[in-house]
Amino acid sequence: MALHPAHPGAIIGHEAVLALLPRLTAQTLLFSGPEGVGRRTVARWYAWGLNRGFPPPSLGEHPDVLEVGPKARDLRGRAEVRLEEVAPLLEWCSSHPRERVKVAILDSAHLLTEAAANALLKLLEEPPSYARIVLIAPSRATLLPTLASRATEVAFAPVPEEALRALTQDPELLRYAAGAPGRLLRALQDPEGYRARMARAQRVLKAPPLERLALLRELLAEEEGVHALHAVLKRPEHLLALERAREALEGYVSPELVLARLALDLET
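In terms of my numbering, the sequence shown has 151 at position 108, counting the first letter as 1, and numbering is strictly consecutive.
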């Protein structure tokens, strides 16, 4: 398996989105799409471009760009974006930019708590003329309707495999990436971690029930593990079982019950 050096942070794919963004005038944008396809990198490109011109010269730190994301977890272990993460954003937006435009990038906007969402709503209803807000979420449907209705959606699709072949020709890696450059780059940067994750995923179908359950518990605890398992599953009924398990976990069904059912569904 050939692992090429990681791409140095440039945007891979999304040419239509990059052409569209400089023309948009909406103050609140929703960047929707699968995890790892490049929404955060493009959000930084957009923020820099608003202040330095398109295409921007670099994507480093900028005094008029603020990124906010989940830091806490609820009682079930699910990440949350709480009021204490959103409050500094509101205060930050109250002052004028040093250059042209203040851009706030809110990662995982679908994980806002009710208190955080209500606080953010006040900003989205009457944003300062010099401010832009970029919400990042899997889809419009995952946001609270009051937030979604105030955002112009920019949809990100998986990047075509041919664009990812500039990074690797390895078919297993490309299947694992599933059109997400971010996931592929992380695997290239940490090949040992990637190999260990894939080895665990490959053992799932051959392991006895108790070991299979332990492996699933470990894999489904992280997004990368879910994709490793998806990459090794070949039978449609196994892929469907994994998708059902993910939906159940997102719906707050007991994780142990979900994993036990998935372990049975993956019996060969």
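Quick reminder that beta carbons are idealized off the backbone N, C-alpha and C, glycines included. Everything numeric in this text was worked out from a predicted model, so none of it was measured.
- Straight-line spacing of the CA atoms in residue 247 and residue 266 works out to 17 Å.
- Taking C-beta separations shorter than 7 Å and ignoring five residues to either side along the sequence, the partners of residue 93 in its chain run 143, 144, 146 and 175, following chain order.
- Residue 249: not part of any beta strand (DSSP E); DSSP gives it neither H nor E.
- The alpha-carbon separation between residue 250 and residue 219 amounts to approximately 21 Å.
- Within the stretch 255-289, the complete alpha helix (DSSP H) segments at least 4 residues long are 266-275, listed from N- to C-terminus.
- Of the other Cβ atoms in all chains shown, fewer than 16 fall within 10 Å of the Cβ of residue 239; this residue is therefore exposed.
- Just so you know, the alpha carbons of residue 62 and residue 183 end up roughly 22 Å apart.
- Note on residue 268: 16 or more other CB atoms within 10 angstroms of its CB, so buried under the neighbour-count rule.
- Within the DSSP bridge table, the entry for residue 165 names no partner.
- About 6 Å separates the beta carbon of residue 284 from that of residue 305, a gap short enough to meet the 8 Å contact definition.
- Between residue 172 and the set 74, 70 and 91, the nearest pair of CA atoms involves 70.
- Take residue 190, set aside five residues on each side of it, and the residues of its chain with a beta-carbon closer than 8 Å to its own are 152, 155, 160, 163, 164, 167 and 178, in chain order.
- Residue burial annotation: residue 85 is buried, with at least 16 other C-beta atoms found within 10 angstroms of its C-beta.
- Counting C-beta pairs closer than 8 Å gives fewer than three between the stretch 120-130 and the stretch 52-59, which falls short of the contact rule.
- Counting the other Cβ atoms within 10 Å of the Cβ of residue 79 gives 16 or more, which makes it buried.
- Within the DSSP secondary-structure output, residue 185 pairs in no beta bridge.
- Taking the Cα positions, residue 90 is about 41 Å away from residue 279.
- The secondary-structure analysis by DSSP pairs residue 145 across a beta bridge with 174.
- Around the beta-carbon of residue 234, fewer than 16 other beta-carbon atoms lie within 10 Å, marking it exposed.
- Assigned with DSSP and collapsed to three states, residue 132 falls in helix.
- Nearest to residue 76 by alpha-carbon distance, out of 157, 181 and 138, is 181.
- Here residue 281 is buried, its C-beta having at least 16 other C-beta atoms within 10 Å.
- If you ignore the 5 residues before and after residue 301, its C-beta comes within less than 7 Å of the C-beta of 288, 291 and 292, all in its own chain and listed in chain order.
- Here residue 111 is buried, its C-beta having at least 16 other C-beta atoms within 10 Å.
- Secondary structure note for residue 302: its alpha helix (DSSP H) is the uninterrupted segment 298-308.
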